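Peer 1: Sharing a structure below in structure tokens format, with a few things to ask.
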Amino acid sequence: MDFFNYSAGSLHCESVPAHDIASAVGTPCYVYSRATLVEHHRRIAAAFAEVNPLICYSVKSCGNLSVCRTLVECGAGMDVVSGGELFRARAAGAPPSTIVYAGVGKRDDEIAAALDAHIYLFNVESEDEFVNIARIAKERNAICECALRINPDVDPHTHRFTTTGTKETKFGVDIERARAFFRTYGRDPHARLVGLHLHIGSPVYTTEPYVEAVRKALALRDELIAEGFTVSVLDVGGGFAADYETGKSPAALDYAQAIVPLLLPAVRAGLRIVLEPGRSIAANAGILLTRVQYVKRSGDKTFAICDAGMNALLRPSHYDAFHFIWPTETSAAFIPTRREEKPAMTGLVNVDVVGPLCETGDYLALDRAMPPVARGDLLAIFTAGAYGMSMASRYNSSPLPAEVLVDGLQFTTVRRRETYEDLVAHER
Ligand SMILES: Cc1ncc(COP(=O)(O)O)c(C=O)c1O
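Numbered according to our numbering, the sequence shown spans residues 20 to 447.
In structure tokens, the structure reads:
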């Protein structure tokens, strides 16, 4: 669900024609819909209302300050994984008491900054890390709260690069170690171990892996409580899917209907729930606009060569991810009613939508059925709000794209396009 729709043959973000934005700001350009961000946050909050979660928006999915600020205005906290993301979350106005901090490689300076900020929770991923946090907290005469990230060994059936809760991954500790972890470190006076954290992967297209992971976490919690430990927080992580293809992902309500009944008894007895959605809030809230530079034929193939490639949107080449791509201006015959890989329309042609970089892997879509495109056409790459700009690079000395936030009839450039001078500024 989002607020990107065709009206009179022209793609609009809320009430603003996409081509107006491209004309004013240039391409490539990320365009975010404020109403979509707000609506996705609202849906998650409403679906999980019975367990009154702290919803910590995952900054890594789209960290633009204006996007984060919008979510802070909705009441969201922030899930961060680095000192840089902590800085962003604070710059966006997130109260430190709503910030949770995960990540396997927290550096001393990052831990110190989070302690000084008095964040809500460190999500701890190893024994070494816990010892380090406790040491730094003691040195600063501080007390912080920690949740142990457990690895429930659940397969989320997603891309192997974003599978994070199986035994082979570097995240968290397995359940057997978790018991020993609490026995060894569960009574530290400076780093108070008060919770459990999960993040099984992303995007997770079914609810079963959550059910399995949450059941394992709750069973562990019962055991730990029986041993006299406090486990007052369960952070369920992120990973809810987004609608890359129309109707292919569960809704927030589907995840909630599977998970909430498991959590309710413990919540009624005082357990606090944290959620860390990123993609499910930001992905459908953003598109990437790119201009076709050339159309070329080679052998049997047609290439639409665009001014955005894997530098602007890495997901197709890195994860083999599907993004629906369509011209922003199109005739009545080609107005898409669904976003899908093989639209049921006549007159489509198969093209490789590629970027300008010197890599064969530089593509946005391969062999994609689309209306015929020509030099100068503006294309929209949909569902690009999450892990789009946040994974963009300057490869081939490409200045990073501009970012625009639309609110109703208005749009604002919320990150200016980089200049060539920006590219070399740190090298002078
Ligand atoms: C610890 C943690 N929480 C939350 C998320 C957000 O996941 P998603 O954007 O799929 O909701 C991630 C993503 O990698 C993560 O590593």
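Glycine included, every Cβ here is placed at the ideal spot set by N, Cα and C. Note that this is a predicted model, so its numbers are computed, not measured.
Note down, in chain order, each residue of its chain lying with its Cβ closer than 7 Å to the Cβ of alanine 261, except the 5 sequence neighbours on either side.
Peer 2: Here residue 261 is taken as the residue at index 242 of the sequence shown, counted from 1. Counting only Cβ-Cβ distances below 7 Å, and skipping sequence neighbours, we find Pro222, Ser268, Arg298, Ser299, Ala302, Asn303, Thr402 and Ala405.
Peer 1: Comparing C-alpha positions only, which one of Ile169, Thr249, Val230 and Tyr224 sits nearest to aspartate 207?
Peer 2: Residue numbering aside, residue 207 sits at position 188 when the sequence shown is read from its first letter. Nearest of Ile169, Thr249, Val230 and Tyr224 to aspartate 207, Cα basis: Thr249.
Peer 1: Okay, do the region 119-134 and the region 97-111 touch, 3+ Cβ pairs below 8 Å being the bar?
Peer 2: yes
Peer 1: Based on the DSSP output, what are the partners of tyrosine 274 in its beta bridges?
Peer 2: Counting from 1 along the sequence shown, the entry for residue 274 is found at position 255. In DSSP, tyrosine 274 forms no bridge with anything.
Peer 1: Tell me which residue opens and which closes the alpha helix (DSSP H) that valine 150 is part of.
Peer 2: Taking the sequence shown and counting its residues from 1, the one referred to as residue 150 is at position 131. Element bounds for valine 150: 146-158.
Peer 1: Compute the minimum distance between the beta carbon of glutamate 231 and the heavy atoms of ligand 1, and state whether it is under 7 Å.
Peer 2: Working through the sequence shown from its first residue, we reach residue 231 at position 212. Every heavy atom of ligand 1 is 7 Å or more from the Cβ of glutamate 231, so no.
Peer 1: Ligand 1 heavy atoms versus the CB of lysine 189: any closer than 7 Å?
Peer 2: Start at 1 with the first residue of the sequence shown, and residue 189 comes out as number 170. It does not: the Cβ of lysine 189 is nowhere closer than 7 Å to a heavy atom of ligand 1.
Peer 1: Could you name each continuous beta strand (DSSP E) segment of 3 residues or more that falls completely within the region 362-419, going from the start of the chain to the end?
Peer 2: Those beta strand (DSSP E) runs which fall completely within the region 362-419 and span 3+ residues are 368-373, 382-389 and 397-400.
Peer 1: Please report the residue range of the beta strand (DSSP E) in which isoleucine 74 lies.
Peer 2: The residue you call residue 74 lines up with position 55 of the sequence shown. That run of the beta strand (DSSP E) goes 73-77.
Peer 1: Kindly confirm or deny that the region 317-329 and the region 38-51 touch, where touching means at least three C-beta pairs closer than 8 Å.
Peer 2: Output reads yes: the region 38-51 touches the region 317-329.
Peer 1: In this structure, how does DSSP classify aspartate 339 when only helix, strand and coil are distinguished?
Peer 2: Translated into the one-based positions of the sequence shown, residue 339 becomes position 320. Residue state, collapsed to three classes: coil.
Peer 1: Please list the terminal residues of the continuous beta strand (DSSP E) segment that includes serine 52.
Peer 2: Along the sequence shown, one-based indexing puts residue 52 at 33. Its beta strand (DSSP E) spans residues 48-52.
Peer 1: For proline 391, I'd like the list of residues in its chain whose CB is within less than 6 Å of its CB, leaving aside the five on either flank, ordered along the chain.
Peer 2: As a position in the sequence shown, residue 391 is number 372, starting the count at 1. Val368, listed in sequence order.
Peer 1: Give me whichever residues DSSP pairs with lysine 320 in a beta bridge.
Peer 2: Counted from its first residue, the sequence shown places residue 320 at position 301. Residue pairing by DSSP places lysine 320 opposite Ser317 in a beta bridge.
Peer 1: Judging by CA-CA distance, which residue of Glu146, Leu308, Leu272 and Val255 is the nearest neighbour of glycine 205?
Peer 2: As a first step, residue 205 is located in the sequence shown; it is residue number 186 there, counting from the start. Checked all of Glu146, Leu308, Leu272 and Val255; the closest Cα to glycine 205 is Glu146.
Peer 1: Confirm the yes/no value for this check: CB of histidine 218, any heavy atom of ligand 1, distance under 7 Å.
Peer 2: Start at 1 with the first residue of the sequence shown, and residue 218 comes out as number 199. Yes, Cβ of histidine 218 sits closer than 7 Å to a heavy atom of ligand 1.
Peer 1: With a threshold of 8 Å, are at least 3 pairs of Cβ atoms found where one atom belongs to the region 310-323 and the other to the region 59-74?
Peer 2: no
Peer 1: Would valine 50 pass as a contact of glycine 380 if the rule is Cβ separation under 8 Å?
Peer 2: Along the sequence shown, read from residue 1 onward, the residue named residue 50 stands at position 31. Along the sequence shown, read from residue 1 onward, the residue named residue 380 stands at position 361. No, they are not a contact pair.
Peer 1: Give me the residue from Asn142, Ser77 and Phe353 with the minimum Cα distance to phenylalanine 259.
Peer 2: Start at 1 with the first residue of the sequence shown, and residue 259 comes out as number 240. With distances taken between Cα atoms, phenylalanine 259 lies closest to Ser77.
Peer 1: What does the alpha-carbon distance come out to for the pair histidine 176 and threonine 182?
Peer 2: Position 157 of the sequence shown holds residue 176. Position 163 of the sequence shown holds residue 182. So the two alpha carbons sit approximately 8 Å from each other.
Peer 1: Apart from the five residues on each side of it in sequence, which residues of its chain come closer than 6 Å, Cβ to Cβ, to leucine 243?
Peer 2: For this step, residue 243 is matched to residue 224 along the sequence shown. Here the set comprises Phe201 and Val250.
Peer 1: Cα separation between arginine 196 and threonine 225?
Peer 2: The residue you call residue 196 lines up with position 177 of the sequence shown. The residue you call residue 225 lines up with position 206 of the sequence shown. Computed Cα separation, rounded: 28 Å.
Peer 1: For ligand 1, any of its heavy atoms closer than 7 Å to the Cβ of lysine 315?
Peer 2: Within the sequence shown, residue 315 is the residue found at index 296, counting from 1. Not so, every heavy atom of ligand 1 lies at least 7 Å from the Cβ.
Peer 1: So is the beta-carbon of alanine 405 under 7 Å away from any non-hydrogen atom of ligand 1?
Peer 2: Your numbering for residue 405 matches position 386 in the sequence shown. Yes; taking the cut-off as 7 Å, the Cβ of alanine 405 has a heavy atom of ligand 1 nearer than that.
Peer 1: If contact is defined by three or more beta carbon pairs under 8 Å, each pair taking one atom from either stretch, is the region 185-196 in contact with the region 139-158?
Peer 2: yes
Peer 1: Ordered along the chain, which non-local residues of its own chain (more than five positions away) have a Cβ less than 6 Å from that of alanine 161?
Peer 2: Stepping through the sequence shown from its first residue, residue 161 is reached at position 142. Here the set comprises Leu134.
Peer 1: What does the Cβ neighbour count give for aspartate 21, buried or exposed, with the cut at 16 atoms within 10 Å?
Peer 2: Locating residue 21 in the sequence shown gives position 2, counting from the first residue. In summary, aspartate 21 is buried, with 16 or more beta-carbon neighbours lying within 10 Å of its beta-carbon over all protein chains present.
Peer 1: Whether or not the region 348-357 and the region 371-380 are in contact is what I'm after, with contact meaning three or more pairs of Cβ atoms, one per stretch, closer than 8 Å; do they touch?
Peer 2: no
Peer 1: If you follow the beta strand (DSSP E) that aspartate 254 is part of, which residue opens it and which one closes it?
Peer 2: Position 235 of the sequence shown, counted from the first residue, corresponds to residue 254. It spans 252-254 - the beta strand (DSSP E) in which aspartate 254 sits, taken as one unbroken run.
Peer 1: Are the beta-carbon atoms belonging to histidine 178 and tyrosine 338 less than 8 Å from one another?
Peer 2: Residue mapping note: residue 178 aligns to position 159 of the sequence shown, counting from 1. Residue mapping note: residue 338 aligns to position 319 of the sequence shown, counting from 1. Closer than 8 Å, so yes.
Peer 1: According to DSSP, simplified to helix, strand and coil, what is aspartate 135?
Peer 2: Here residue 135 is taken as the residue at index 116 of the sequence shown, counted from 1. If DSSP states are grouped into helix, strand and coil, aspartate 135 belongs with the helices.
Peer 1: Should threonine 356 be labelled buried (16 or more other beta-carbon atoms within 10 Å of its own) or exposed?
Peer 2: Position 337 of the sequence shown, counted from the first residue, corresponds to residue 356. Exposed, since its Cβ has fewer than 16 Cβ neighbours within 10 Å.
Peer 1: Give the straight-line distance between the Cα atoms of arginine 168 and valine 252, rounded to the nearest whole angstrom.
Peer 2: Position 149 of the sequence shown, counted from the first residue, corresponds to residue 168. Position 233 of the sequence shown, counted from the first residue, corresponds to residue 252. The straight-line gap from Cα to Cα measures roughly 12 Å.
Peer 1: Got a sec? Which residues, its chain only, sit under 7 Å from serine 34 by beta carbon, not counting five neighbours each side?
Peer 2: As a first step, residue 34 is located in the sequence shown; it is residue number 15 there, counting from the start. Same-chain partners within the cutoff: Gly427 and Leu428.
Peer 1: Helix, strand or coil: how does DSSP classify asparagine 170 here?
Peer 2: For this step, residue 170 is matched to residue 151 along the sequence shown. Asparagine 170 falls in the strand class under three-state DSSP.
Peer 1: Ends of the alpha helix (DSSP H) at histidine 38?
Peer 2: Working through the sequence shown from its first residue, we reach residue 38 at position 19. Here the alpha helix (DSSP H) through histidine 38 covers 37-44.
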